[in-house]
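One structure below.
Numbering (my numbering), first residue to last: 7 to 338.
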């Protein structure tokens, strides 16, 4: 008698459902607060320094805004300085020429950054994503990330060495007998200069988020659109940009909240070269009038108004995003 090997099917998994079928894993019983605290305490301990920094520098510091309602004197402190109500705000909105000039410059730089700086990482991410070779893509990304780690002191020094009166370009022009160009100290070229500095420093770093979003777009959508005869630009318009739209809306809303902060260090470092007429913004106005000029109350009032305007812009933009069917930053 020849032995035959029997092929046995795996034993069926007993089902707890009345009707039989494939059993499903039981839902994990919810744990209490203290049980979850014991379970996650290593992660919570790691987060404690970050939480402490946020509390001290973001929430405790909010209490300093009370000096906007005082004739604050540092040697008297908050407790003994004279309360003046809304007098500091009245000085601001009574037509102070320096404040109006700072506000005008701030709004103009904000407009330039929204038009030229904000779309730059999106365009760069699309260009990097079109590279076929991953090695080339990683090499280009590494080079583009580097300027983000430079301080504004170094960035301004680099531009001065390139474009200054004794810089490389002017030395080249001078050596060939041509007229030199004044870019660093020219007020007419100042806004183009600071916009190009921001793009050079931060565009590469800002592409990280957009490249992550591009990697999550379903490749089958590109294949389907290619079968329908879509060109490369059509695929970007109908597949790539709709996939990036939620994160673009989210970042734009967050940008509006910080729109009146246009670069304190960058502008202060170059203020002496071009003058305060074109380089004075709200942040430098606060520094020059508060720390240098001693008008602490007025400067605090400017900072408080700037923060409130940013909050209102975020709330309005988030509401508009909801009306247009986007998620926005939060859901009320």
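Even glycine gets a Cβ: it sits at the ideal position worked out from N, Cα and C.
Being a predicted model, the structure only gives us computed values, none of them experimental.
Given 7 Å as the limit, tell me if residue i has its C-beta closer than that to any heavy atom belonging to the ligand ADP.
i	result
residue 180	As presented, the structure is devoid of all ligands, the ligand ADP included, so that no description of it is given.
Secondary structure at residue i, three-state DSSP: helix, strand or coil?
i	result
residue 79	coil
residue 137	coil
residue 156	coil
residue 89	strand
residue 71	helix
residue 208	helix
residue 29	Its pLDDT being 47, under 50, residue 29 is placed unreliably by the model, and nothing is read from it.
residue 56	helix
residue 235	coil
residue 225	helix
residue 94	helix
residue 296	helix
residue 127	helix
residue 170	coil
residue 215	helix
residue 201	helix
residue 194	helix
residue 374	Any property of residue 374 remains undetermined from this structure, which presents the chain solely from 7 to 338.
residue 189	coil
residue 148	helix
residue 51	helix
residue 266	coil
residue 16	Below a pLDDT of 50, predicted positions are generally treated as unreliable, and residue 16, at 46, falls in that range; no measurement from the model is reported.
residue 64	helix
Apart from the five residues just before and just after residue i, which ones in its own chain have a Cβ nearer than 7 Å to its Cβ?
i	result
residue 307	74, 94, 95, 98
residue 337	none
residue 158	271, 272, 275
residue 154	207, 208, 210, 211
residue 215	253
residue 295	301, 304, 305
residue 32	Below a pLDDT of 50, predicted positions are generally treated as unreliable, and residue 32, at 49, falls in that range; the measurement from the model is reported next regardless. Excluding residues within five positions, none has a Cβ falling inside 7 Å.
residue 30	Here residue 30 scores only 48 on pLDDT, less than 50, and its place in the model should not be relied on; the value that follows carries that caveat. Cβ within range, chain order: n/a, list empty.
residue 292	305, 308, 309
For the alpha helix (DSSP H) containing residue i, name the first residue and the last one.
i	result
residue 113	103–118
residue 289	288–292
residue 178	174–181
residue 238	238–241
residue 309	302–329
residue 278	270–280
residue 254	247–263
residue 337	Taken as a continuous stretch (DSSP letters only), residue 337 belongs to no alpha helix (DSSP H), as it is neither H nor E.
residue 40	39–45
Taking Cβ to Cβ, would you say residue i is nearer than 8 Å to residue j?
i	j	result
residue 166	residue 174	no
residue 274	residue 290	yes
residue 193	residue 284	yes
residue 213	residue 156	no
residue 170	residue 186	no
residue 297	residue 320	no
residue 217	residue 134	yes
residue 102	residue 87	no
residue 123	residue 201	yes
residue 118	residue 197	yes
residue 242	residue 132	yes
residue 150	residue 143	no
residue 72	residue 84	yes
residue 199	residue 189	yes
Going by beta carbon distance, what residues of the same chain come within less than 8 Å of residue i, once the five residues before and after it are set aside?
i	result
residue 244	231, 236
residue 152	210
residue 222	249
residue 161	153, 203, 206, 207, 272
residue 329	none
residue 331	none
residue 147	134, 210, 213, 217
Who are the near neighbours of residue i in its chain, counting only those whose CB is closer than 6 Å to its CB and skipping five residues on each side?
i	result
residue 219	250, 253
residue 79	87
Between the segment 265–275 and the segment 308–327, do three or more beta carbon pairs fall short of 8 Å?
-> Judged by Cβ distances under 8 Å, the segment 265–275 makes contact with the segment 308–327, as three or more pairs qualify.
Spell out a yes or no on whether the segment 227–237 and the segment 273–284 are touching, meaning 3 or more CB-CB pairs, one atom from each, closer than 8 Å.
-> Under the three-pair Cβ rule at 8 Å, the segment 227–237 does not count as touching the segment 273–284.
Meets three-Cβ-pair contact criterion under 8 Å: the segment 319–327 and the segment 287–303 = At 8 Å Cβ cutoff, the stretches do not touch.
Inter-stretch contact (C-beta, 8 Å, three-pair minimum) for the segment 99–108 and the segment 185–203 | Verdict: no, contact absent.
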